[in-house]
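Q: Counting along the sequence shown from 1, when you hit position 216 you're at 217 in this note's numbering, and nothing is skipped either side. Beta carbons are placed, not taken as given, at the ideal position from N, Cα and C, and that holds for glycine. One structure, pasted below without further comment.
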Amino acid sequence: MRAGETFGFLGSNGSGKTTTLRALLGIYQPTAGTLHIGGKTFDPRDGIRLGYLPEERGLYKKEQVLDVMAYFGRLKGLGKAQARTWSLEYLERVELADKAGTRLDKLSGGEQQKIQLGVTIMNEPELLILDEPTKGFDPVNRRLLMDIIEEQKLAGSTVIMVTHQMEEVERLCDRVILLKDGTSRAYATVSEVQEQFGGTVYRIVYSGVLPASELYEITASGEGSADLAPRDGADETAVLRELINAGVAVRSFTTERVSLEEIFIRVYGAKETAVA
Numbered sequence: 002m003r004a005g006e007t008f009g010f011l012g013s014n015g016s017g018k019t020t021t022l023r024a025l026l027g028i029y030q031p032t033a034g035t036l037h038i039g040g041k042t043f044d045p046r047d048g049i050r051l052g053y054l055p056e057e058r059g060l061y062k063k064e065q066v067l068d069v070m071a072y073f074g075r076l077k078g079l080g081k082a083q084a085r086t087w088s089l090e091y092l093e094r095v096e097l098a099d100k101a102g103t104r105l106d107k108l109s110g111g112e113q114q115k116i117q118l119g120v121t122i123m124n125e126p127e128l129l130i131l132d133e134p135t136k137g138f139d140p141v142n143r144r145l146l147m148d149i150i151e152e153q154k155l156a157g158s159t160v161i162m163v164t165h166q167m168e169e170v171e172r173l174c175d176r177v178i179l180l181k182d183g184t185s186r187a188y189a190t191v192s193e194v195q196e197q198f199g200g201t202v203y204r205i206v207y208s209g210v211l212p213a214s215e216l217y218e219i220t221a222s223g224e225g226s227a228d229l230a231p232r233d234g235a236d237e238t239a240v241l242r243e244l245i246n247a248g249v250a251v252r253s254f255t256t257e258r259v260s261l262e263e264i265f266i267r268v269y270g271a272k273e274t275a276v277a
């Protein structure tokens, strides 16, 4: 990995994402492989400032929010006053300032997740490892947490993130790895993955009958609409001309890059994606 980049782990359930993260952290003993960040071999025992948000959330639920956050701040090397100040500012940022004196077990699941993320990013971690950081959040709070993660990246943190939210990947990740059955299917930038597995698609709204063609493949269709994947680099002009010559009334024709969500479904299959 390059220092300061955000790296996305993608894959269906059971593909090895969480296991890989735990091996990196020394929770599991890896059988092979190393992680290099900025040309240096990563070892969690080297004293790097590290933030880890596990898939299974868990804090001291019978304690008050501010006390728990300040406690973890002290563990991460902050002074008592600094830990409390940082915690109060974070609670204000995530709209939980009025919950500072509330026991954690009295918060909603989403509110508890916000607290856990705050504990994770305390003390400006050099490396952030996030396992499904926005799982279970509504769109408004998901956007808020994405903003916070992006702020950490801009502040210089290197981020490794597992997520099934392709919007998060497209917004935050510089590079991704696609895992399937414990092996890598792709390791590249987001745009390179899109080009490798999808490229572009022509989206049309029409009336008439779409003809079979050597210029495109129909990858999706609905009532009066379709997605056409160009074959052998066929450009939009050639495809549009063929449709018009075949008597198709084209009302709308747009060229778009295939989304990561569509690529995910192609690679892992609709059945796997549904349970991910």
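When DSSP builds the beta bridges, which residues end up paired with E257?
A: What you label residue 257 is simply residue 256 of the sequence shown in a count that begins at 1. Looking at the DSSP assignment, E257 forms a beta bridge with V202.
Q: For R1, which residues of its own chain have a beta-carbon under 7 angstroms away from its beta-carbon, when the five flanking residues on both sides are left out?
A: Because residue 1 is not part of the residues shown, which for the chain are 2 to 277, the question remains open.
Q: Apart from the five residues just before and just after G78, which ones in its own chain have a Cβ nearer than 8 angstroms to its Cβ?
A: Taking the first residue of the sequence shown as position 1, residue 78 is located at position 77. Around G78: N124.
Q: The beta strand (DSSP E) spanning M162 covers which residue range?
A: Residue 162 sits at position 161 when you count from the first residue of the sequence shown. 159 to 163 is the span of the beta strand (DSSP E), which, as asked, contains M162.
Q: Under 8 angstroms, do L131 and V163 count as touching if we go by C-beta distance?
A: Within the sequence shown, the letter at position 130 stands for residue 131. Within the sequence shown, the letter at position 162 stands for residue 163. Their beta carbons are under 8 angstroms apart, which means L131 touches V163 by this criterion.
Q: Using the three-state DSSP reduction, which class does V210 fall into: helix, strand or coil?
A: The count along the sequence shown starts at 1 and reaches residue 210 at position 209. The answer is coil: DSSP assigns V210 none of H, G, I, E or B.
Q: When burial is assigned at 16 or more other CB atoms within 10 Å of the CB, is P126 buried or exposed?
A: Residue numbering aside, residue 126 sits at position 125 when the sequence shown is read from its first letter. Per the 10 Å Cβ criterion, buried.
Q: Taking 7 angstroms as the limit between beta carbons, can you name the residues of its chain near R3, skipping five residues before and five after?
A: As a first step, residue 3 is located in the sequence shown; it is residue number 2 there, counting from the start. Hits under 7 angstroms: G39.
Q: Quick one: what does DSSP say I245 is sitting in, helix, strand or coil?
A: If you number the sequence shown from 1, residue 245 lands on position 244. Correct three-state label for I245: helix.
Q: Alpha carbon to alpha carbon, what distance is there between H37 and L128?
A: On the sequence shown, residue 128 is found 127 positions in, with the first residue counted as 1. On the sequence shown, residue 37 is found 36 positions in, with the first residue counted as 1. Each residue's Cα considered, the two are about 12 angstroms apart.
Q: Over the uninterrupted beta strand (DSSP E) stretch that includes I130, give me the two end residues.
A: By one-based count along the sequence shown, residue 130 stands at place 129. It spans 128 to 132 - the beta strand (DSSP E) in which I130 sits, taken as one unbroken run.
Q: For V177, list the residues DSSP reports as bridge partners.
A: Indexing the sequence shown from 1 puts residue 177 at position 176. BP columns for V177 point to G9, A189.
Q: For the region 179 to 196 against the region 8 to 24, are there 3 or more C-beta pairs whose distance is under 8 angstroms?
A: yes
Q: In the DSSP assignment, what are the bridge partners of E218?
A: Stepping through the sequence shown from its first residue, residue 218 is reached at position 217. Bridge partners of E218: A230.
Q: Taking S1 as the reference, which of V206, G234, L216, E237 has the closest Cα?
A: Here the chain comprises residues numbered 2 to 277, so residue 1 is not present and cannot be evaluated.
Q: Provide the residue(s) that pair with V251 in DSSP beta bridges, ordered along the chain.
A: For the purposes of this step, residue 251 is taken as the residue at position 250 of the sequence shown. V251 is bridged by DSSP to Y207.
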